[in-house]
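**Q** From first to last, the protein sequence lines stand for chains A and B.
Reading the first sequence from the start, the letters are residues 4 to 212 in the numbering used here.
Reading the second sequence from the start, the letters are residues 4 to 212 in the numbering used here.
Ideal Cβ positions, reconstructed from N, Cα and C, are used throughout, including at glycine.
My questions will all concern the structure given below.
2 protein chains.
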Amino acid sequence: MTDSTRQRILDTAEQLFADQGFHATTLRQITREAQVNLAAVNYHHGSKDALILAVFQRRLDELNSERLARLQSVLDASDPPDLEKVLGAFIYPALLLSTQSAGDGGRFMRLLMRAWAENATQLHGTIARQYSHVMRAFADAVSRALGTSPDNLRQQLDFLIGALTYTMAETTDGQVEETARALVRFGCAGLRDSALAQPRQTSLKENIA
Amino acid sequence: MTDSTRQRILDTAEQLFADQGFHATTLRQITREAQVNLAAVNYHHGSKDALILAVFQRRLDELNSERLARLQSVLDASDPPDLEKVLGAFIYPALLLSTQSAGDGGRFMRLLMRAWAENATQLHGTIARQYSHVMRAFADAVSRALGTSPDNLRQQLDFLIGALTYTMAETTDGQVEETARALVRFGCAGLRDSALAQPRQTSLKENIA
DNA sequence: GTCTATACAATGATAGAC
DNA sequence: GTCTATCATTGTATAGAC
């Protein structure tokens, strides 16, 4: 098969990256374990950095689709959407992914924090572009739930993303539900309180993260 | 001078790491720019990973000392300490460091997120050990400000650390005060609300992050 | 103790045959 | 698409000068 090579590389790379980190994992190790030729990685993905990026793209596509689907359900349920449920639609799929991503023990999302490192320019930029659509949708939903302008929420949503990202790296299988509930509660309180402070509608310069 | 070589390596490495990332920066580039011999890095620091760790140690020592000093001032001011000021003592020095660290343009703390990547085991573990003293002191102060057990605050403080870390990577010079105020407010609201949910005193298994 | 010059195995990447 | 052979560059180790 021609396409199975590409996918086999992706699967093996994801597992090895999660276990050993990006730098410690060599292309020779990946290709040996995936039973493909060394040059196949560069042929199918271009470079090692591009392979790392491809590993992320696949998971982030799942994650963001799931988030948007859940958000739509929440928006359909009530017109001023429920803030807790909006944040839940953002947080819960991420924590789920962090502990049970497709086959491997569940250590995939530890890579998200690992990944900010290495090729920060290319990878962080691409991830940000991936998130920008989702971020816009959620910022809009949160703003309607609170009755404030979406612009003022960017910073607080960044706080939430930071807390979520950091938490993903530390959460293990059994704690997903409990952790998600705690983080939703934490974020709701912070957002509601910040909304009281800035009820006006000003616009800040764009700062996508 | 005998000590200037070690420090020159540290300074040059910090700047290059911040600009290009850890992996992209080679030892030959560092030693060339610092005008020292290639082997000097391994002689003074042991390895490239150890050099990365040393770069962090230096800044984290400053940061944690500053945090504890400010915390002491807050504790001296009033016996049930003011929660806003406690969080400020934790957050403000970090954001300051992230934008104006010792000479270089201020891109140092961008490394903190970058760093969780590469040698996650050794570096993340050592950083956690560095933070554990500070974390304990702040958890204690927050618990007294709220009137709850410190154990129940671990998770919420982790949320705050995540938000802070993520924010540090994105904050630029002019936004320190404003960002710190917003993050303090966000964290206070989350902590106060979570304290209402769990006023009991149970103990969870240790999970230092 | 510090520093230098040099050497080494392993890595990511590429070119060209099939 | 896949493979073999090969390249420049990397982090690290060592031997020896000051």
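Check whether the Cβ of His136(B) lies closer than 7 Å to any Cβ atom in chain A.
**A** To locate residue 136(B), count along the second sequence from 1; it is residue 133. Output row for His136(B): interface = no.
**Q** Cα separation between Ile33(A) and Ala16(A)?
**A** Along the first sequence, one-based indexing puts residue 33(A) at 30. Along the first sequence, one-based indexing puts residue 16(A) at 13. Spanning the two alpha carbons is a distance of roughly 6 Å.
**Q** Just list the alpha helix (DSSP H) runs in the region 31 to 119 of chain A, keeping only unbroken ones of 4 residues or longer that don't cross its boundaries, in chain order.
**A** Counting only runs of 4 or more, we get 41 to 48, 51 to 80, 86 to 102 and 113 to 118.
**Q** Should the region 16 to 27 of chain B be called in touch with the region 49 to 62 of chain B, which here means at least 3 C-beta pairs below 8 Å?
**A** Yes, they touch.
**Q** Could you tell me how far apart the beta carbons of Leu186(A) and Thr170(A) are, in whole angstroms, since I believe they sit closer than 8 Å?
**A** Stepping through the first sequence from its first residue, residue 186(A) is reached at position 183. Stepping through the first sequence from its first residue, residue 170(A) is reached at position 167. Yes, Leu186(A) and Thr170(A) are in contact; Cβ-Cβ is about 6 Å, under 8 Å.
**Q** May I ask which residues mark the beginning and end of the alpha helix (DSSP H) holding Gly183(B)?
**A** What you label residue 183(B) is simply residue 180 of the second sequence in a count that begins at 1. What sits at residue 183(B) in the sequence shown is Ala, not Gly. Its alpha helix (DSSP H) spans residues Val179 to Ala200.
**Q** So with Cβ pairs under 7 Å, would you call Asp196(A) a contact of chain B?
**A** In the first sequence, counting from the first residue as 1, residue 196(A) sits at position 193. By this cut-off, Asp196(A) is an interface position.
**Q** Which stretch, first to last residue, makes up the alpha helix (DSSP H) that contains Ala154(A)?
**A** Position 151 of the first sequence, counted from the first residue, corresponds to residue 154(A). Per the sequence shown, residue 154(A) should be read as Asp rather than Ala. Looking at the DSSP string, Asp154(A) is not in any alpha helix (DSSP H), and its letter there is neither H nor E.
**Q** In chain B, which residues lie with their C-beta within 7 Å of the C-beta of Phe162(A)?
**A** Locating residue 162(A) in the first sequence gives position 159, where the first residue counts as 1. Result: Ala166, Thr170, Leu186 and Phe189.
**Q** Please classify Tyr46(A) as buried or exposed, where buried requires at least 16 neighbouring CB atoms within 10 angstroms.
**A** Working through the first sequence from its first residue, we reach residue 46(A) at position 43. That one is exposed.
**Q** Give a yes or no on whether the minimum CB-CB distance between Gln159(B) and chain A is below 7 Å.
**A** Translated into the one-based positions of the second sequence, residue 159(B) becomes position 156. Chain A, which has a Cβ nearer than 7 Å to the Cβ of Gln159(B), makes this yes.
**Q** With a threshold of 7 Å between beta-carbons, can Gly91(A) be considered close to chain B, or not?
**A** To locate residue 91(A), count along the first sequence from 1; it is residue 88. Cβ-Cβ to chain B under 7 Å: no for Gly91(A).
**Q** Determine the burial state of Thr158(B): buried for a count of at least 16 other Cβ atoms within 10 Å of its Cβ, exposed for fewer.
**A** Within the second sequence, numbered from 1, the residue matching residue 158(B) stands at position 155. The sequence given here places Gln at residue 158(B); Thr does not occur at that position. Burial call: buried.
**Q** With Thr129(A) as the anchor, note down where its alpha helix (DSSP H) starts and where it stops.
**A** Looking up residue 129(A) in the first sequence gives position 126. Gly128 to Leu149 is the span of the alpha helix (DSSP H), which, as asked, contains Thr129(A).
**Q** Below 8 Å, can you find three or more Cβ-Cβ pairs linking the region 68 to 77 of chain B to the region 137 to 154 of chain B?
**A** Segments in contact, yes.
**Q** When Cβ atoms are compared, which residues of the region 137 to 150 of chain B fall closer than 7 Å to chain A?
**A** The residues in question: there are none.
**Q** Does the beta carbon of His26(B) come closer than 7 Å to any beta carbon on chain A?
**A** Residue mapping note: residue 26(B) aligns to position 23 of the second sequence, counting from 1. Closer than 7 Å: yes.
**Q** Once you ignore the five residues that flank Leu194(A) on each side, which residues in its own chain have a CB closer than 6 Å to its CB?
**A** Residue 194(A) sits at position 191 when you count from the first residue of the first sequence. The residues are Gln159.
**Q** Measure the CB-CB distance between Leu156(B) and Ala97(B) and report whether it falls below 7 Å.
**A** On the second sequence, residue 156(B) is found 153 positions in, with the first residue counted as 1. On the second sequence, residue 97(B) is found 94 positions in, with the first residue counted as 1. In this structure, Ala97(B) does not lie closer than 7 Å to Leu156(B) by Cβ.
**Q** For Leu245(B), which residues of its own chain have a beta-carbon under 8 Å away from its beta-carbon, when the five flanking residues on both sides are left out?
**A** Residue coverage of chain B in this structure runs from 4 to 212, which leaves residue 245(B) outside it and unanswerable.
**Q** Does Gly49(A) have its Cβ less than 7 Å from a Cβ in chain B?
**A** As a working note, residue 49(A) is residue 46 in the first sequence. By this cut-off, Gly49(A) is not an interface position.
**Q** For Glu87(A) and Cys191(A), which I take to be in contact (beta-carbon distance under 8 Å), what is that distance rounded to the nearest angstrom?
**A** As a position in the first sequence, residue 87(A) is number 84, starting the count at 1. As a position in the first sequence, residue 191(A) is number 188, starting the count at 1. About 6 Å; that satisfies the 8 Å criterion.
**Q** Measure the alpha-carbon distance for Leu100(B) versus Ile55(B) and round it to whole angstroms.
**A** Start at 1 with the first residue of the second sequence, and residue 100(B) comes out as number 97. Start at 1 with the first residue of the second sequence, and residue 55(B) comes out as number 52. Each residue's Cα considered, the two are about 18 Å apart.
**Q** Flag this pair as yes or no: are the beta carbons of Val89(A) and Ala183(A) separated by less than 7 Å?
**A** Along the first sequence, read from residue 1 onward, the residue named residue 89(A) stands at position 86. Along the first sequence, read from residue 1 onward, the residue named residue 183(A) stands at position 180. Against a cut-off of 7 Å, the Cβ pair of Ala183(A) and Val89(A) comes out as no contact.
**Q** Expressed to the nearest angstrom, what Euclidean distance is found between the alpha-carbon atoms of His3(A) and Gly150(B)?
**A** Residue coverage of chain A in this structure runs from 4 to 212, which leaves residue 3(A) outside it and unanswerable.
**Q** Could one say the Cβ of Ala57(A) lies closer than 7 Å to chain B's Cβ atoms, at least one of them?
**A** Numbered from its first residue, the first sequence carries residue 57(A) at position 54. Cβ-Cβ to chain B under 7 Å: no for Ala57(A).
**Q** Just to confirm, is the Cβ distance from Ala172(B) to Pro84(B) under 7 Å?
**A** As a first step, residue 172(B) is located in the second sequence; it is residue number 169 there, counting from the start. As a first step, residue 84(B) is located in the second sequence; it is residue number 81 there, counting from the start. Not closer than 7 Å, so no.
**Q** For a test of the three-state rule: what should DSSP assign to Ala166(B), helix, strand or coil?
**A** Position 163 of the second sequence, counted from the start, is the residue given in the question as residue 166(B). Correct three-state label for Ala166(B): helix.
**Q** Checking 7 Å against the spacing of the C-beta atoms, do Phe93(A) and Phe162(B) come in under that value?
**A** Start at 1 with the first residue of the first sequence, and residue 93(A) comes out as number 90. Start at 1 with the first residue of the second sequence, and residue 162(B) comes out as number 159. Their beta carbons are not under 7 Å apart, which means Phe93(A) does not touch Phe162(B) by this criterion.
**Q** Would you kindly work out how many angstroms separate the C-alpha atoms of Ser68(B) and Tyr95(B), rounded to a whole number?
**A** The residue you call residue 68(B) lines up with position 65 of the second sequence. The residue you call residue 95(B) lines up with position 92 of the second sequence. Between Ser68(B) and Tyr95(B), the C-alpha separation is close to 13 Å.
**Q** Report the option in Glu180(B), Gly24(B) and Arg11(B) whose CA atom is closest to the CA atom of Leu52(B).
**A** Here residue 52(B) refers to the residue found at position 49 when the second sequence is read from its first residue. The amino acid at residue 52(B) is misidentified as Leu; the sequence shows Asp. The option with the nearest alpha carbon to Asp52(B) is Gly24(B).
**Q** Comparing the C-beta of Ala53(A) with each C-beta of chain B, is any distance below 7 Å?
**A** The sequence position of residue 53(A) within the first sequence is 50, counting from 1. It does not: the Cβ of Ala53(A) has no partner Cβ on chain B nearer than 7 Å.
**Q** Can you tell me whether Gly177(B) is buried or exposed, with buried defined as 16 or more other CB within 10 angstroms of its CB?
**A** Position 174 of the second sequence, counted from the first residue, corresponds to residue 177(B). Result: exposed.
**Q** Going straight from the alpha carbon of Leu129(B) to that of Ser146(B), what length do you get?
**A** Counted from its first residue, the second sequence places residue 129(B) at position 126. Counted from its first residue, the second sequence places residue 146(B) at position 143. Position check: residue 129(B) holds Thr in this sequence, whereas Leu was assumed. So the two alpha carbons sit approximately 26 Å from each other.
**Q** Quick one: what does DSSP say Glu17(A) is sitting in, helix, strand or coil?
**A** Taking the first residue of the first sequence as position 1, residue 17(A) is located at position 14. Helix at Glu17(A).
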